[in-house]
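Q: Under my numbering, the first residue of the sequence shown carries the number -8, and numbering increases by one thereafter.
The structure that follows is given in the form of structure tokens.
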Amino acid sequence: MYKYLLAAVIILLAMNADAQPLGGVTLYRYNFSNSHHHPGTHKKKVRERKAIEKDMFKNLEGVEFTGYLVYDKDTFEGKISYDAMDFVMPCKKDSTDYFDIEDPSLKYVFLDAGDSIHKIVLERLDNNKMYRLLHNGKLMIFDTYYNFDYHSKEIFKKDMAIIYDGKMEKINDKAIEDCKSRLIFCINKVYGLNIKPGDYDENGLLLFIQKLN
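Structure follows, in structure tokens:
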């Protein structure tokens, strides 16, 4: 009798799971309903090893932020934390809202821990990819170095994007010098400058960018 009950449970679990292939190993994600959710939010999913191993946003974990996020056309404001591919917001009583960072309906996230270090803006651009806002000015500069460090050379090893006059352009050169040169070209064009790649190293260029309007 117990064997048949166990077999029935296993079959039911398999029917409610989404197979996720990873390196030849199939992982399963089970959807568990939350007692409460706002329109446009996600109910919590178990985000097992796949999320932990692949999570490029893991530097955001362990910090409690205040801020807001935009999901589709709705804005949600309050306490926000990050946990394995989800932004987590407490709701009424014991309920919680979860926003999947891979969901294209999640458009914008502003996080501020109230100190001078832990502050970040994430925005999903026209190519449907989530970027970090590196500089907000006449020339908007975005990168995919999802960290609180805005001066690292690693920034130039990641995909970047700019927005000027409402138009987006990707900068995803593999070589650091190529990426740096292209960014300098864009800065010169927008601000009417004549900076040369040899004028600044990567850190110096990032510091210079912060002074631009």
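The beta carbon of each residue, even a glycine, is placed where N, CA and C say it ideally should be.
In chain order, what residues of the same chain lie with their CB nearer than 7 Å to the CB of Lys148, ignoring the 5 residues before and after it?
A: Closer than 7 Å at the Cβ level, and outside the excluded window around Lys148, lie Ile167.
Q: Do you know whose CA, among Tyr89, Leu197 and Ile175, lies nearest Asp140's CA?
A: Closest option to Asp140, Cα to Cα, is Leu197.
Q: Mapping the DSSP letters down to three states, classify Asp169 as helix, strand or coil.
A: Three-state result, Asp169: helix.
Q: For Lys161 and Asn118, I'd like the C-alpha separation in whole angstroms.
A: Taking the straight line joining both Cα atoms gives about 9 Å.
Q: In three-state DSSP terms, what is Asn25?
A: For Asn25, the predicted structure reports a pLDDT of 39, less than 50, and the residue's modelled location is therefore unreliable. The matter cannot be settled from this model.
Q: Suppose contacts are defined by Cβ-Cβ distances below 7 Å. Is Ile175 in contact with His126 by that definition?
A: No, the pair does not count as a contact, with Cβ atoms beyond the cut-off.
Q: On the criterion of 16 or more Cβ atoms from any shown chain inside 10 Å, does Leu97 qualify as buried, or is it exposed?
A: Buried is the call here.
Q: Which class does Gly189 belong to by DSSP, given the choice of helix, strand or coil?
A: Helix at Gly189.
Q: Hey, out of Asp156, Met131, Leu130 and Asn163, whose CA is closest to Glu145's CA?
A: Closest option to Glu145, Cα to Cα, is Asn163.
Q: How about Val112 and Leu130: are their beta carbons less than 7 Å apart?
A: Not in contact: Val112 and Leu130 (Cβ atoms no closer than 7 Å).
Q: Which of the three DSSP states is assigned to Lys144 in this structure?
A: Lys144 falls in the helix class under three-state DSSP.
Q: Roughly how many angstroms separate the alpha carbons of Ile92 and Lys84, rounded to a whole number?
A: Between Ile92 and Lys84, the C-alpha separation is close to 24 Å.
Q: Please classify Leu184 as buried or exposed, where buried requires at least 16 other C-beta atoms within 10 Å of its C-beta.
A: The residue in question, Leu184, is exposed, as its Cβ has fewer than 16 Cβ neighbours within 10 Å.
Q: Let's test the definition: count the other Cβ atoms within 10 Å of the Cβ of Ile132 and tell me whether it reaches 16, buried, or not, exposed.
A: Buried, since its Cβ has 16 or more Cβ neighbours within 10 Å.
Q: Confirm, please, whether the CB-CB distance from Gly157 to Asn204 is below 7 Å.
A: Going by C-beta atoms, Asn204 is not nearer than 7 Å to Gly157.
Q: Sort Ile186, Phe67 and Met159 by Cα distance to Arg115 and report the nearest one.
A: Measuring from the Cα of Arg115, the nearest candidate turns out to be Met159.
Q: Cβ of Tyr59 within 7 Å of Cβ of Glu68?
A: In contact: Tyr59 and Glu68 (Cβ atoms closer than 7 Å).
Q: Hey, out of Asp46, Ile153 and Lys110, whose CA is closest to Phe101's CA?
A: The residue with the shortest Cα to Cα distance from Phe101 is Lys110.
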